[in-house]
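One structure below.
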Amino acid sequence: MEPSGNEFLRGTLKTIVLKLLTERGRMYGYEITQSVKERTQGEVILTFGALYPVLHKLQQEGLLITESVEVDGRLRKYYTLTPSGNETALQKVSDFERFVEVMKALLQPVPALSLGH
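Position one of the sequence shown corresponds to residue 1 (UniProt numbering), numbered consecutively onward.
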């Protein structure tokens, strides 16, 4: 995907993070970035600079909670969805799937109209 594809990514970051957390239950930041990279075969690279503001916003909105766990002498912050986070994830994924369908319809070539001549 061209770097200009980042404009599409920005609008979907919340949905991506929420979807991953519904599937995996609990994840930490690096794990989220790697999961996005693997699932898109490297087409989408989610930077920490883009990810962490989204995680903080979701936490402020009450959609996820954090838990710090010591791993190899370092604190690792895990993110887990709240019940309202799970509901929001389902809605956002549904909305995005609908949006993709509408965009596909808009991008389809339109058959030439017959004017009846």
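Heads up, the beta-carbon is just placed ideally off N, CA and C, and yes, glycines get one too.
The structure presented is a predicted model; accordingly, all values stated were derived computationally and were not measured.
Separation of threonine 40 from aspartate 72, as counted between CA atoms: Roughly 29 angstroms between the two C-alpha positions.
Residues bridged to isoleucine 65 (per DSSP): Secondary-structure assignment with DSSP links isoleucine 65 through a beta bridge to Thr80.
C-beta atoms of valine 69 and tyrosine 78 nearer than 8 angstroms: Yes, the pair counts as a contact, with Cβ atoms nearer than the cut-off.
Cα-Cα separation between leucine 106 and valine 100, rounded to whole angstroms: Rounded to the nearest angstrom, the gap between the Cα atoms of leucine 106 and valine 100 is 10 angstroms.
Range of the contiguous alpha helix (DSSP H) that encloses valine 54: From DSSP, the alpha helix (DSSP H) with valine 54 extends over 48-60.
Selected residue, minimal CA-CA separation from proline 83, among Arg74, Thr22, Thr15: Of the candidates Arg74, Thr22, Thr15, the residue whose Cα lies closest to the Cα of proline 83 is Thr22.
Leucine 51 and leucine 58 closer than 8 angstroms at C-beta: Not a contact, by the Cβ cut-off of 8 angstroms.
Which of helix, strand or coil DSSP assigns to valine 71: Secondary structure of valine 71 (DSSP, three-state): strand.
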